[in-house]
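As given, the protein sequences belong to chains A and B, one line each in that order. Each residue of the first sequence is one higher than the last, beginning at 148 in this note's numbering. Each residue of the second sequence is one higher than the last, beginning at 28 in this note's numbering. We put the CB at the ideal spot given by N, CA and C, even for glycine. Bear in mind that the values here come from a model prediction, so they are computed numbers and not experimental data. A short worksheet on the structure shown next.
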Amino acid sequence: MAGHVDSHDHDAHTDSDGHGPAFYIKIWAILLVLFLISVAGPEISHHKAVILVTAFGIAIVKAYMVAVNFMHIKHEKKYIAYIMFAMLGAVFLFYIAVSTDVQMTSGSNWENASAKAVIEQHKDFQEHIEHE
Amino acid sequence: MGTTTPIATTRSVTGMPTGRLAVWWVIGSEIVIFGGLLMCYLMFRLKYPYWAMYSVHTNTFAGALNTFVLLTSSLFIVLAHYYAERKEELKAFGLIWATIFGGLTFLVIKGIEWTTEITNGFTITSSMFWSFYYTAAGLHALHVIAGMCLMAWISMDVLQKKNMHRVELIGIYWHFVDIVWIFLFPLLYIAK
Chain A
148 MAGHVDSHDH DAHTDSDGHG PAFYIKIWAI LLVLFLISVA GPEISHHKAV
198 ILVTAFGIAI VKAYMVAVNF MHIKHEKKYI AYIMFAMLGA VFLFYIAVST
248 DVQMTSGSNW ENASAKAVIE QHKDFQEHIE HE
Chain B
28 MGTTTPIATT RSVTGMPTGR LAVWWVIGSE IVIFGGLLMC YLMFRLKYPY
78 WAMYSVHTNT FAGALNTFVL LTSSLFIVLA HYYAERKEEL KAFGLIWATI
128 FGGLTFLVIK GIEWTTEITN GFTITSSMFW SFYYTAAGLH ALHVIAGMCL
178 MAWISMDVLQ KKNMHRVELI GIYWHFVDIV WIFLFPLLYI AK
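Now the structure itself:
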C-alpha cells in the first residue's frame, strides 16, 4: 500500500520563508509595476527591441514570479519543475520543427503560392511597418 | 482518518498528495495546449507582419484592465490559501469569493470588448488573426469559468472546515490561468 503524506507537507515552509499577507502584497505590487512598464514601453517606443524587452521579456519575469511566489513551485518536489520544463520543451520543439515550413513560402521542392500572393497583396503595408 | 475522506487526498507514492500532483499534471497538459496555440500564432504573426493592421483594433485598455483584475484575483486566492492553512475559514471563504468576483469582472470586461469588436465587424471568420484572437481568448475565458465554478464549490466545503487543502489546489490552477493571460496580453494587445 502506498504511504501516507501530510496534504500540507510543504506548507511548513511558509512561515519560515516569510510567506505571509505582507509578502504576497509586496509580490503583487511588484507585478503591477512590471505590468505598467510592459504597457508603457511599447507606447513610448515602437522599436522592436523595446517591445520585445518590455512586453515579452517582462511577461517571462512576471510568469516566473507568479510560479515561484504564488504557486510555490520551489517548495514542490523537484520532479514537478522537471515535468513543467519538459512540457515547455515539447512546445519549443514543436516550434523548431514546424516553424521553417510554416514561416517560409517556398522550399527546394515546394511553393506556397497562396501565402506568397497574400504577402504580395499587403506588400505596401509590410514595407510601411518595416520602415517604422 | 474519517471514512468519508477520499483516499487520494492523503495517499501518495510520489512523496506528495495525489490531488496536488494531479493539478500539476493538468497544468502540464495545459502548457502544451496553450503553448501549441500560442506558438502557432507566433509563427503566423512572424510570417505575416501585416497582421498588425488587424491587431491595431484590439482594445489595449480592456486587455490591461483584465490583466490588473487577474493579477489581483491571484493575490486574493493565494491569501485564501494562507488563511485556509490557518483554519480561518471565514477569511478564506471571503477571499475565494473575492477571486470569483475577479473572474466575473474579467468575463464582463471581455464580454463588452467582444461585443464592440463583433459589432465593428471583426468576427472569428474575418481573418486568420481574428480566428486566433477569439480561439485563444475564448479558450482562456473557458478556463476562467471552470475555475470560478470549482472555487464556488470548494468555498462551500471551506465554510464547513472540510477539505481545506483544496484551496491550495484551485489556487495553483488559478495562478496558471493568470500566467496564460500574462502571455496572451502582449501577444494580442501590445504587439501592434
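Assigned with DSSP and collapsed to three states, E112 of chain B falls in helix. Here DSSP, grouped into helix, strand and coil, assigns E223 of chain A to coil.
In the same chain as I60 of chain B, and ignoring 5 residues on each side of it, the C-beta atoms closer than 8 Å to its own belong to L166, in chain order. Interface flag for L48 of chain B against chain A is set, since a Cβ pair is found closer than 9 Å. For A264 of chain A, the closest Cβ of chain B is not nearer than 9 Å. Using a 10 angstroms sphere on the CB of K209 of chain A, the tally of other CB atoms reaches 16 or more, which defines it as buried. With its beta carbon less than 9 Å from one in chain A, L102 of chain B belongs to the interface. S192 of chain A is not a Cβ neighbour of F212 of chain B, given a cutoff of 9 Å. Straight-line spacing of the CA atoms in S246 of chain A and N86 of chain B works out to 29 Å.
Apart from sequence neighbours up to five positions away, the residues of its chain that approach S158 of chain B with a beta-carbon distance below 6 Å are I151, ordered along the chain. I266 of chain A and Y75 of chain B do touch by the CB rule: their CB atoms are close to 7 Å apart, below 8 Å. Per the coordinates, the alpha-carbon of I198 of chain A lies some 22 Å from the alpha-carbon of A176 of chain A. Listed along the chain, the chain A residues whose CB falls inside 8 Å of the CB of W51 of chain B are E223, I227, I230, M231. With a beta-carbon spacing of about 6 Å, T126 of chain B and M178 of chain B fall inside the 8 Å limit used to define contacts. I123 of chain B places its beta carbon less than 9 Å from that of V194 of chain B. With its beta carbon less than 9 Å from one in chain A, K74 of chain B belongs to the interface. For G42 of chain B, the nearest beta carbon of chain A is closer than 9 Å to its own beta carbon.
Secondary structure of S192 of chain A (DSSP, three-state): coil.
Contact between F156 of chain B and L65 of chain B fails: their C-beta atoms lie close to 14 Å from each other, not under 8 Å. When the alpha-carbon of P168 of chain A is set against those of B:F103, B:S154, B:A164, the nearest one is in B:F103. S253 of chain A sits in a strand when the DSSP states are folded into three classes. Contact annotation, V185 of chain B with E116 of chain B: C-beta distance approximately 5 Å; criterion of less than 8 Å satisfied. Annotation: L235 of chain A to G62 of chain B spans about 8 Å, alpha carbon to alpha carbon.
The residue among B:F120, B:K114, B:N93 with its C-alpha nearest the C-alpha of M183 of chain B is B:F120. Judged by beta-carbon spacing, G90 of chain B lies beyond the 9 Å limit of I199 of chain B, meaning their Cβ atoms are not closer than that value.
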